[in-house]
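Reading through the structure tokens given below for one structure.
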Amino acid sequence: DVAALAGAGTLADVAVRGEPSAVLVALDAATGAPGWKLAIDATAWSLITALAATPDGGVLAAGSFTGTLRVADQIVSSGGRSDGFIARITPTGGVAWLRRVGGPGADAIQGVAMAAGAKGDERIAIAGTFAAGADLLGQPLAASEDRAPTADGFVAELDGHGARRWVQTFGGPQDEAVAGVAIDARGRFVVAATVRETVHVAGVDLVAQGPSDGLVAWFGPGGSAATATLVGGADFDGLRAIVAAGDHVVVAGFFSGALPLGARSLTAAGGDDAFLAELAPAPDGATAVVTGALAISGPGREEVTTLTALPGGLAAGIGHTAQLQIAGAPALAAPADPMAGNAVILRAVPLAP
């Protein structure tokens, strides 16, 4: 197991540059005792936003930075306000390779996933945001508007050695925010994001129903656009995380007011409520269907902060500021200090239709 820490000065007894900067710490699976430690720091700042295990017992670490980023003996420099990075770390804490994506604007990697394959045929998915003028390993990223300062989204496939296989972009006139990426059992890359107004993806223009909606988009072999759908209602809605569940995906998001999800509708009990939804492409391949949903609600604010797949189900980390109600389970008490909030770990089996 590997944990990512963020801070300044000294983290886990490792001195770092920048504020904040990051350190990876290997933890013994049985005892939690720390093993190797690795600084991922920059002259200005660096953040790790996504981790994914590799088949050999190592880890992929991705995020963003400004200045010059150093990971052991490998170094890259940002081309503008911020760039994204991904590094492959060996089981002993060494650095197999380090790659950057960026340009003159603000760019970042917010999601990473990996699918095992034959040696030399591993598949790595990365997803993030970029501004006009950015590139990924020499491939220019096509922005929705060349002169606009807004953020578009991208998804790309790398091989196990960090070489680019393909990249696709999506976006519109407003900023997009990428929540993560997953690889389903059929090998499709699935991106979760929050979008506003109109977004061009999978060859079509999708129009948000409210100020923002969640976006789930599937990409097939070679980056071919397949299915894209919006998740949202008339209020401010979006997505926070995504994991694969066989040939389906489960997304975590937030919503206000009413949220239509397939044949059912969720109603927020307070301000921003949270939800989990299971989706899959419909048999026609051009649309998507919601196959299950779970409401996470209360009179305060609820937010799913982490989401991970487990054998037979999934686990979600939830923060809340008042009484918490999860589907039909008994309500959990409000935190003693609403400003600090409480954290809950939810283990869920496949979601109810």
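Each position in the sequence shown, counted from 1, maps to that position plus 293 in this note's numbering. Just so it is clear, CB atoms sit at the ideal spot from N, CA and C, and this is done for glycine as well.
| query | result |
| --- | --- |
| Sufficient close CB pairs (3 or more, under 8 Å) joining the stretch 405-420 to the stretch 466-486 | yes |
| Any non-hydrogen atom of the ligand SAM within 7 Å of P313 CB | Summarising the ligand content, the structure contains no ligands, and the ligand SAM is consequently not present. |
| Segment contact, 8 Å Cβ cut-off, at least three pairs: the stretch 603-612 with the stretch 550-564 | no |
| Same chain, Cβ closer than 6 Å to V364, five either side skipped, listed in chain order | I333, A380, V388 and L391 |
| Nearest to V295 (by Cα), restricted to the options E312, A308, A424 and T347 | T347 |
| Which listed residue (A406, P384, P313 and A354) has its alpha carbon closest to that of D321 | P384 |
| Backbone CA spacing between T462 and L434 [nearest angstrom] | 7 Å |
| First and last residue of the uninterrupted beta strand (DSSP E) at M632 | Note, M632: premise wrong, no beta strand (DSSP E); not H, not E. |
| Residue(s) in a DSSP beta bridge with E469 | Beta-bridge pairing links E469 to no other residue. |
| N-terminal and C-terminal residue of the beta strand (DSSP E) that L559 is part of | R557 to T560 |
| Sequence ranges, alpha helix (DSSP H) only - wholly within the stretch 372-412, length at least 4 | none |
| Extent of the continuous beta strand (DSSP E) to which P327 belongs | P327 to A335 |
| According to DSSP, residues forming a beta bridge with P574 | A581 |
| Coil, strand or helix - P514 by DSSP | helix |
| Own chain residues within Cβ distance below 6 Å of R594, not counting five before or after | G564, D565 and T614 |
| Backbone secondary structure at D498 - three-state DSSP | strand |
| Pick from A626, A495 and Q616 that is closest to F512, judged by C-alpha positions | A495 |
| Selection from G350, A561 and V369 that minimises the alpha carbon distance to T336 | V369 |
| Cβ shell of S590 (< 6 Å), same chain only, five flanking positions each side left out | A562, D566 and Q618 |
| Start-to-end residues for the beta strand (DSSP E) that takes in Q461 | R457 to F463 |
| Assumed close pair V536, T601 - CB separation to whole angstroms, cut-off 8 Å | 6 Å |
| Alpha carbon of S558 to alpha carbon of L532, nearest angstrom | 17 Å |
| Contact under 8 Å by Cβ, F482 with P504 | no |
| Integer-rounded CB distance, given that T487 should sit under 8 Å from G464 | The Cβ separation is near 12 Å, so there is no contact. |
| Under 8 Å between C-beta atoms of L572 and L644 | no |
| C-beta atoms of T520 and P574 nearer than 8 Å | yes |
| Short Cβ contact (8 Å threshold) for S371 with A401 | no |
| Whole-number beta carbon distance between A315 and A301, since they are thought to touch under 8 Å | Contact doesn't hold; Cβ gap of about 11 Å is too wide. |
| Rounded straight-line distance, which links the Cα of V497 to that of G386 | 43 Å |
| Collapsed DSSP secondary structure at L430 in the structure displayed | coil |
| Inter-residue spacing [alpha-carbon to alpha-carbon] between D540 and R310 | 42 Å |
| Proximity winner among A297, P604, G325 and A345, relative to A538 (alpha-carbon distances) | P604 |
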